[in-house]
Amino acid sequence: MPIDTNSKKMLQVFFRYDRKRTHALANSNGLVAHYTTADTAMKIIKGRSMWLRNAAVMNDFSEIEYGKSVMLPVLQGELGDRYRAALNAISEGLADDVMRRHDQHRTHAREAVFTASLSEHDPDDQLGRLSMWRAYGGPVAGVALLFHGWATDLEVEPSLEVGVSPVLYGGPNDFAREFAEAIAHIEGNKDFLRTFDPQIISNAATNVLQLSMFSIKHPGFAEEQEWRIIHRPYEWSSALVMPCNVTIGGIPQTIYELPFHNPAKGVEFNIPQLDLNTILAGVMLGPCAYPETIFRALRDEMSGAGIDEPEKRIIVSHIPLRQHW
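Counting from 1 along the sequence shown, just add 18 to a position and that's the residue number in my numbering.
Below, the structure written as structure tokens:
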């Protein structure tokens, strides 16, 4: 069920930075790439679901701690006081509720979050990001699933309880700049926000703090231009995003599967706005030992998943594989 007009406006007030970046990406006709192994890419396509992994086993799990360290001095300073005053102007005691929930969440954030990483991708780029190929290339063969940028707007199906957040690269000053803009919009819309149940406003305010904590990275990683798909099943569960046990890199683990359109699986999976045939712009094959073999396997799997003309969507980067002897 789509979000009603007033709720959408309310979310735009709180998620000011996310909405700004989402609209810019959609208007630029840009793509986002999900770098993974060819084996995982095949399973994602066959199962018609994106894999969301626990932050504790991700390559960059320590960055959650970085996000905490960036936000803390801002929330404890003058901007934090202004934020709390803006919330209390909507409903007395709202700020205490939001900050209490945020403090509780910070203590177990790493274990409670399941995520997948995306990287902004120029439609004319035929090579991909070397840093990503180094992480996923070699004998296992790296693949980038290329999605249209407008697909990052998961507002279209709120029942998924999944957020897509652009990463902010920087320190406390960079966060403070965006946070101040968000506070100004809360202050300017306080009369409108008062029309909502305070619990709904508390949920939105808490969510934006939590997503921010997962989406702030050191500026040294800025070339990645990352976005994060984020799901917190212990707080906001969805009947459509289900857990599954898999083994990745020899590590057995629980993932959550974010479904793509698959009405044959059940009426609840009739999600045309997430139809792989529509949102998947292409698949890029990185440096590997057997590109022709992987090309054919990907083509057949994509065809079986109902993706039209798969051979025209597969891009072979032709980056030479560095052998390690």
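No residue lacks a Cβ here, since even glycine has one placed at the ideal position from N, Cα and C.
Between the Cα of residue 118 and the Cα atoms of 167, 220, 208 and 41, which residue gives the shortest distance? 220
Take the Cβ of residue 299 as the centre, count every other Cβ of all protein chains shown within 10 Å, and call the residue buried at 16 or more, exposed below. buried
What separation, rounded to the nearest whole angstrom, lies between the Cα atoms of residue 334 and residue 237? 30 Å
Looking at C-beta atoms only, is the number of pairs between the stretch 299 to 313 and the stretch 95 to 112 that lie closer than 8 Å three or more? no
Just mark residue 228 as buried or exposed, buried being the case when its beta carbon has 16 or more other beta carbons within 10 Å. buried
What would DSSP say about residue 234, mapped onto helix, strand or coil? strand
Candidates 247, 269 and 275, of which the one nearest residue 259 by Cα: 275
If distances are taken between C-alpha atoms only, which option among 233, 142, 96 and 315 comes closest to residue 164? 142
DSSP beta-bridge partners for residue 160? 55
Helix or strand or just coil, what does DSSP make of residue 338? coil
Below 8 Å on the Cβ atoms is my guess for residue 128 versus residue 74; work out the distance and round it to an integer in Å. 5 Å
In this structure, what does DSSP give as the bridge partners for residue 302? 162 and 333
Which residues in the same chain as residue 177 place their Cβ atom closer than 8 Å to its Cβ, once the five residues preceding and following it in sequence are excluded? 19, 256, 257 and 258
So, helix, strand or coil for residue 277, using DSSP? strand
Under a three-way DSSP split, which group does residue 21 fall into? coil
Cβ atoms of residue 242 and residue 331: under 9 Å apart, would you say? no
Ends of the alpha helix (DSSP H) at residue 106? 96 to 108
Beta-bridge pairing of residue 260 - partner residues as DSSP gives them: 275
Short check: CB of residue 32 to CB of residue 202, under 9 Å? no
Classification of residue 329 by the beta-carbon crowding that lies within 10 angstroms, buried from 16 upward: exposed
Measure how close the beta-carbons of residue 139 and residue 70 come, nearest whole angstrom, since I'm counting them as under 8 Å. With 8 Å as the limit, residue 139 and residue 70 do not qualify as a contact, their Cβ atoms being about 20 Å apart.
Within 10 Å of its beta-carbon, does residue 249 have 16 or more other beta-carbons around it, so buried, or fewer, so exposed? buried
Pop quiz: residue 131 and residue 239 are said to be a contact at Cβ under 8 Å. What is the actual Cβ separation, rounded to whole angstroms? Actually they do not touch by this definition, with Cβ atoms about 18 Å apart.
Report yes if the C-beta distance between residue 222 and residue 92 is below 9 Å; otherwise report no. no
Any heavy atom of the ligand MG closer than 8 Å to the Cβ of residue 61? In the structure shown, the ligand MG is absent, as is every other ligand, since no ligand is present at all.
Per-residue DSSP class, three states only, for residue 295: helix
Measure the beta-carbon distance from residue 84 to residue 297 and round it to whole angstroms, keeping in mind my assumption that it falls under 8 Å. No, residue 84 and residue 297 are not in contact; Cβ-Cβ is about 31 Å, not under 8 Å.
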